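Trainee: Those letters in the sequence shown? Residues -25 to -1, 1 to 411, by mature numbering (1 follows the signal peptide of the UniProt record, and there is no 0). Built from N, CA and C at the ideal position, the CB exists for glycine as well. Predicted, not measured: the structure shown is a model, and the values here were computed from it.
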Amino acid sequence: MSHRFRPTCLALALSLLLGAPALQAAEPAPAPAASSKAPLPLDDLRTFAEVMDRIKAAYVEPVSDKTLLENAIKGMLSNLDPHSAYLEPEAFLELQESTSGEFGGLGIEVGMEDGFIKVVSPIDDTPASQAGIQPGDLIVKIDGQPTKGLSMMEAVDKMRGKAGSKIELTLVRDGGRPFDLTLTRAVIKVRSVKSQMLEDGYGYLRISQFQVNTGEEVGKALTKLRQENGNKKLRGLVMDLRNNPGGVLQAAVEVADHFLKSGLIVYTEGRLANSELRFNADPADASEGVPLVVLINGGSASASEIVAGALQDHKRAVLMGTDSFGKGSVQTVLPLNNDRALKLTTALYFTPNGRSIQAQGIIPDIEVARAKVTREQDSEGIKEADLQGHLGNGNGGADRPSKGAQAARTERPQDDDYQLSQALNLLKGLSVTRGN
């Protein structure tokens, strides 16, 4: 598995400034050489110079050449696609520092929709997720000021601030009435991988984002789950990629490789020679071939879609949930002079079967919409085993009294998570049919 540079797999442009997850800046990629046969577009350059001259002469307030030229560069990048951007020194520095998994902000990945800020995904254990912000929410006001008409950079600047300071967001969810949330900004340390046993033999692996060390952490989590299962192979595993906004490409490859023994994981195609990469699995299988269900939803983007797509194409996992976000492009960071940089879309991702993720996303094998689980009052009544003086089991088996006579069961993640409970039920069905 070799490559000449490591492209970033950013979830959304400029979201780093809000406290985006750990992302890896690419090494400088060579810019394509200008063709000596292609003449400069003199007419267009004359128009540009004329517009700049008119602004300097007639605009209501004086504007410096530097401001006009930087605004022109920003417009040049922002009109290419939502993920290309011109990074000024502060933004570039934050991008370089973001690979540690520790950052300041609200903990949300955002994009633009109809001039409003749209939440792509709240990050686990952050002010945004704790406040109940959900994928698809529209941020229509920031501290009482409408976001309509603000640029992404302006909106991001308003949401940034010192840890401990408060901010009020006005949100609209599913076309309903606006409502306000007050959040406290924080310096956030995000754990990218969590794991626990759901029931005997069935494990749960949550990946909230893809940081530099996520592949290694998943390997440790698989070992830990086996130990918690009495050092026996699991009967089934749920990998939860819901609301995972992406992160580092290499980490996504490493995670998929833990579950695959051979074959292509992902490849990229672009105009630059070193933007065309292919990643293949090695023979080691840290998962021991455990039956696998992967949960995805509309907040699953970029690197999480690479993992889901690879496991789906190799028929290694059953995908359950709702359609993913559909961010299948590669951004490369190209440093410039004066501590500035370009974040430029240079390639597209493709799954092993040649599917482009871009603007389509990954479609689950089994669609299960988000729903609320409510438990009805137990009306099971009395069983034979509850009666005084009842006969014992003819084969010597233990009595099974009604649940009302048993101690209250400890709350489990699947008890209040419909999609997770359905994933667990599917794994149990696979275990029965396979005789595990």
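Classify Arg21 as buried or exposed, calling it buried when 16 or more other Cβ atoms lie within 10 Å of its own Cβ.
Mentor: Looking up residue 21 in the sequence shown gives position 46. When all chains shown are included, Arg21 counts as exposed.
Trainee: Using 10 angstroms around the beta-carbon of Val162, count the other beta-carbons present and answer buried if the total reaches 16, otherwise exposed.
Mentor: Here residue 162 corresponds to residue number 187 of the sequence shown, with the count starting at 1. Burial call: exposed.
Trainee: So, does the segment 137 to 144 touch the segment 176 to 183, judging by three or more C-beta pairs under 8 Å?
Mentor: Verdict: no, contact absent.
Trainee: Compare the Cα-Cα distances from Ser279 to each of Glu229, Val265, Leu311 and report the closest residue.
Mentor: Your numbering for residue 279 matches position 304 in the sequence shown. Ranking the options by Cα distance to Ser279, first place goes to Glu229.
Trainee: May I have the straight-line CA-CA distance separating Arg253 from Val282, to the nearest angstrom?
Mentor: Position 278 of the sequence shown holds residue 253. Position 307 of the sequence shown holds residue 282. So the alpha carbons of these two residues sit roughly 14 Å apart.
Trainee: Alpha helix (DSSP H) containing Ile48: first to last residue?
Mentor: Looking up residue 48 in the sequence shown gives position 73. Where Ile48 is concerned, the enclosing alpha helix (DSSP H) stretches over 40 to 53.
Trainee: Using CA atoms only, rank isn't needed, just tell me which of Gly301, Ala285, Phe300, Ser126 is closest to Leu235.
Mentor: The residue given as residue 235 occupies position 260 in the sequence shown. Selected option, being the one with the closest Cα: Ala285.
Trainee: For Glu263, I'd like the list of residues in its chain whose CB is within less than 7 Å of its CB, leaving aside the five on either flank, ordered along the chain.
Mentor: Translated into the one-based positions of the sequence shown, residue 263 becomes position 288. Once the five neighbours on either side are set aside, the close Cβ partners of Glu263 are Lys208.
Trainee: Is the beta carbon of Leu200 closer than 8 Å to that of Val269?
Mentor: Translated into positions along the sequence shown, residue 269 becomes position 294. Translated into positions along the sequence shown, residue 200 becomes position 225. Not closer than 8 Å, so no.
Trainee: State the CB to CB distance for the pair Pro327 and Ile240, rounded to an integer number of angstroms; the pair is presumed to be in contact (CB under 8 Å).
Mentor: Translated into positions along the sequence shown, residue 327 becomes position 352. Translated into positions along the sequence shown, residue 240 becomes position 265. Correct: roughly 7 Å between the Cβ atoms.
Trainee: Using a 10 Å radius around the Cβ and a threshold of 16 neighbouring Cβ atoms, would you call Gln202 buried or exposed?
Mentor: As a working mapping, residue 202 is identified with position 227 in the sequence shown. The residue is exposed, with fewer than 16 neighbouring Cβ atoms inside 10 Å.
Trainee: What is the residue span of the beta strand (DSSP E) that Ile142 lies within?
Mentor: Along the sequence shown, read from residue 1 onward, the residue named residue 142 stands at position 167. That run of the beta strand (DSSP E) goes 141 to 147.
Trainee: Could you pull the start and end residues of the beta strand (DSSP E) that Asp155 belongs to?
Mentor: Your numbering for residue 155 matches position 180 in the sequence shown. From DSSP, the beta strand (DSSP E) with Asp155 extends over 154 to 159.
Trainee: As an exercise, report each continuous beta strand (DSSP E) stretch of at least 3 residues that is fully enclosed by the segment 244 to 329, in chain order.
Mentor: Qualifying beta strand (DSSP E) stretches, in chain order: 253 to 255, 267 to 271, 293 to 296, 304 to 310, 316 to 325.
Trainee: For Pro110, count neighbouring C-beta atoms within 10 Å of its own C-beta (all shown protein chains included) and say buried if the count is 16 or more, exposed if not.
Mentor: One-based indexing of the sequence shown puts residue 110 at position 135. Buried, by the Cβ-count rule.
Trainee: Taking Ala60 as part of the beta strand (DSSP E), name the residues at either end of that continuous run.
Mentor: In the sequence shown, residue 60 corresponds to position 85, counting from 1. That run of the beta strand (DSSP E) goes 60 to 62.
Trainee: For Leu399, which three-state DSSP category applies?
Mentor: The count along the sequence shown starts at 1 and reaches residue 399 at position 424. Helix.
Trainee: If distances are taken between C-alpha atoms only, which option among Asp132, Asn255, Leu81 comes closest to Thr157?
Mentor: The residue labelled residue 157 in the question sits at position 182 within the sequence shown. Checking every option, the nearest Cα to that of Thr157 belongs to Leu81.
Trainee: According to DSSP, which residues form a beta bridge with Met87?
Mentor: Your numbering for residue 87 matches position 112 in the sequence shown. The partner list for Met87 (beta bridge, DSSP) reads Ile92.
Trainee: Figure out for me which residue from Ala33, Met172, Lys123, Ala256 has the closest Cα to the Cα of Glu88.
Mentor: Taking the first residue of the sequence shown as 1, we reach residue 88 at position 113. The shortest C-alpha separation from Glu88 is found at Lys123.
Trainee: Just to confirm, is the Cβ distance from Arg315 to Glu129 under 8 Å?
Mentor: Counted from its first residue, the sequence shown places residue 315 at position 340. Counted from its first residue, the sequence shown places residue 129 at position 154. Going by C-beta atoms, Arg315 is not nearer than 8 Å to Glu129.
Trainee: Report the rounded CA-to-CA distance for residue 435 versus Gly107, giving the unit in angstroms.
Mentor: The question about residue 435 has no answer here: the residues shown for the chain are numbered -25 through 411.
Trainee: Return yes when the Cβ of Leu319 is within less than 8 Å of the Cβ of Leu311, no when it is not.
Mentor: The residue given as residue 311 occupies position 336 in the sequence shown. The residue given as residue 319 occupies position 344 in the sequence shown. Going by C-beta atoms, Leu311 is not nearer than 8 Å to Leu319.
Trainee: Tell me the rounded alpha-carbon separation between Gly205 and Gly274.
Mentor: Numbered from its first residue, the sequence shown carries residue 205 at position 230. Numbered from its first residue, the sequence shown carries residue 274 at position 299. Cα-Cα distance, rounded: 34 Å.
Trainee: For Lys236, report the span of its alpha helix (DSSP H) as first-last.
Mentor: Numbered from 1 along the sequence shown, position 261 holds the residue referred to as residue 236. It is not in any alpha helix (DSSP H) - Lys236 carries neither H nor E in the DSSP assignment.
Trainee: Does the beta-carbon of Lys41 have 16 or more other beta-carbons within 10 angstroms, so that it is buried, or is it exposed?
Mentor: Here residue 41 refers to the residue found at position 66 of the sequence shown. Burial call: exposed.
Trainee: Is Glu84 buried or exposed, if buried means 16 or more other CB atoms sit within 10 Å of its CB?
Mentor: Residue mapping note: residue 84 aligns to position 109 of the sequence shown, counting from 1. Glu84 is buried by the Cβ-count criterion.
Trainee: Could you please give me the residues that DSSP links to Lys169 through a beta bridge?
Mentor: For this step, residue 169 is matched to residue 194 along the sequence shown. Bridge partners of Lys169: Arg181.
Trainee: Would you mind stating whether Val187 and Val223 have Cβ atoms separated by less than 8 Å?
Mentor: Here residue 187 corresponds to residue number 212 of the sequence shown, with the count starting at 1. Here residue 223 corresponds to residue number 248 of the sequence shown, with the count starting at 1. Yes.
Trainee: Mind checking who Gln120 pairs with in its DSSP beta bridge?
Mentor: Here residue 120 is taken as the residue at index 145 of the sequence shown, counted from 1. The partner list for Gln120 (beta bridge, DSSP) reads Ile117.
Trainee: Using only CA atoms, which one of Ile114, Gly139, Asp118, Met51 lies nearest to Asp149?
Mentor: Position 174 of the sequence shown holds residue 149. Cα-wise, what sits closest to Asp149 is Ile114.
Trainee: Can you name the start and end residues of the beta strand (DSSP E) that Gly211 belongs to?
Mentor: Here residue 211 refers to the residue found at position 236 when the sequence shown is read from its first residue. Its beta strand (DSSP E) spans residues 211 to 215.
Trainee: Return the CA-CA distance between Val343 and Phe185, expressed in angstroms with no decimal places.
Mentor: Numbered from 1 along the sequence shown, position 368 holds the residue referred to as residue 343. Numbered from 1 along the sequence shown, position 210 holds the residue referred to as residue 185. If you take the alpha carbons of Val343 and Phe185, they lie about 24 Å apart.
Trainee: Spatial neighbours of Met214 within its chain, please: CB distance less than 6 Å, with the 5 preceding and 5 following residues excluded, ordered by chain position.
Mentor: As a position in the sequence shown, residue 214 is number 239, starting the count at 1. The answer, listed in chain order, is Leu180, Val269.
Trainee: Would you kindly work out how many angstroms separate the C-alpha atoms of Gln306 and Leu323, rounded to a whole number?
Mentor: Working through the sequence shown from its first residue, we reach residue 306 at position 331. Working through the sequence shown from its first residue, we reach residue 323 at position 348. In a straight line, the C-alpha of Gln306 is about 9 Å away from that of Leu323.
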